[in-house]
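Here is the structure we will look at, set down as structure tokens.
There are 2 protein chains.
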Amino acid sequence: MKRKSFREMECPIAQTLEVVGEWWTPLILREVLIRDRTKFDEIQNALGIAPTVLANRLSTLVSHGLLERRRYTHSPERFEYVSTASARDFRPVLDELARWGEKWTPSPGQGSPN
Amino acid sequence: MKRKSFREMECPIAQTLEVVGEWWTPLILREVLIRDRTKFDEIQNALGIAPTVLANRLSTLVSHGLLERRRYTHSPERFEYVSTASARDFRPVLDELARWGEKWTPSPGQGSPN
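Protein chains in written order, with the working numbering: chain A, 111 to 224; chain B, 111 to 224.
Okay, structure coming up:
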């Protein structure tokens, strides 16, 4: 089922979800912003995410200006994804998601996001 | 494509997303918590969401204890969804999502969530 876009909604929550609301995307930002994993292969291994899904989510984040795609080796060609100011300003959202999860979800949600 | 569950991940962000991370769910919580719309039909009309999708998302929120389902008329049978303490404690997440959207997304994301 194709999901409906929130782009036309006049609500800043909907606008934010249009950028970061897809399944996996907040965890990708967690890897980059909190765990300092920026390389495609690192993120993919850490999350156990399908490479095609990861490539799709990263492309969305790059197109909205949260990440910058940089080649770090030529042969083989490999890319990393560096956070911009707008991604770093998403950290408080991740912190609130972690706070809520620690308080209201059962274990195994008792670890730290750090 | 069936999405992967985050239930086994030992991270409170992942645990939170398992509950509220599906497409539409944060906007449903916005309706209940911020706009005070609790009736199924009100929420459905406000969001323009397919009834089957709304029923699915509400069922997930009820099963995780964020909402309580209450019948408010018998004939026809109609239900409303009342927030619990755990849902009300999600408000800071919505506020952070709104703050980020106001700052980093273009219009029409310039309205207020209230």
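Just so you know, even glycine gets a beta-carbon here, dropped at the ideal spot from N, CA and C.
Relative to the C-alpha of residue i, which candidate in the options has its C-alpha closest?
i: B/N201; options: A/R117, A/I123 and A/K114; result: Correcting the residue identity first, residue 201 of chain B is Arg in this sequence and not Asn. Of the listed residues, the one whose Cα sits closest to B/R201 is A/I123.
i: A/T148; options: A/K213, A/R179, A/V129 and A/K114; result: A/R179
i: B/V192; options: B/S185, B/W133 and B/R181; result: B/R181
i: B/L177; options: B/E212, B/R209, B/P161 and B/D146; result: B/D146
i: B/V129; options: B/S173, B/F189 and B/E152; result: B/S173
i: A/T170; options: A/A208, A/W133 and A/L204; result: A/W133
i: B/P216; options: A/F116, A/E152, A/I144 and A/Q125; result: A/Q125
i: A/V203; options: A/F189, A/P161, A/L139 and A/L164; result: A/L139
i: B/I159; options: A/R113, A/G211, A/W210 and A/R209; result: A/R113
i: A/T183; options: A/E118, A/W210, A/D151 and A/S115; result: A/D151
i: A/R209; options: B/R167, B/G211, B/R209 and B/D199; result: B/D199
i: B/R167; options: B/R188, B/E120, B/V142 and B/P186; result: B/V142
If you drop the 5 nearest sequence neighbours on each side, which residues of the same chain put their C-beta closer than 8 Å to that of residue i?
i: A/L175; result: It should be noted that the sequence gives Gly, not Leu, for residue 175 of chain A. Same-chain partners within the cutoff: T194 and S196.
i: A/L164; result: W134, I138, F150, I153, Q154 and L157
i: B/L127; result: F116
i: B/R188; result: K149, F150, D151, R181 and Y182
i: A/E118; result: none
i: A/C121; result: none
Using three-state DSSP, classify residue i as helix, strand or coil.
i: B/S185; result: coil
i: A/L207; result: helix
i: B/T215; result: coil
i: B/R180; result: strand
i: B/R113; result: coil
Using a Cβ-Cβ cutoff of less than 7 Å, which residues in the same chain neighbour residue i once the five nearest sequence positions on both sides are dropped?
i: B/K213; result: none
i: A/P136; result: V130, L204 and L207
i: B/P161; result: Q154
i: B/S185; result: none
Under 6 Å Cβ to Cβ from residue i, same chain only, skipping five residues before and after it: list those, please.
i: B/E190; result: T148, K149, R180 and Y182
Legend entry - Interface positions of the region 161-192 of chain B facing chain A (Cβ-Cβ less than 9 Å), listed along the chain: V163, H174, G175 and L176
Inset, instruction - Note down, one range per segment and in chain order, each alpha helix (DSSP H) of at least 4 residues found wholly within the region 116-170 of chain A. - result: 122-130, 135-143 and 150-157
Legend entry - Near-chain B residues of the region 138-155 of chain A - C-beta to any C-beta below 7 Å: R140
Inset, instruction - Determine which residues of the region 191-205 of chain B have a Cβ less than 7 Å from any Cβ of chain A, and write them out in chain order. - result: S196, D199, F200, P202, V203 and L204
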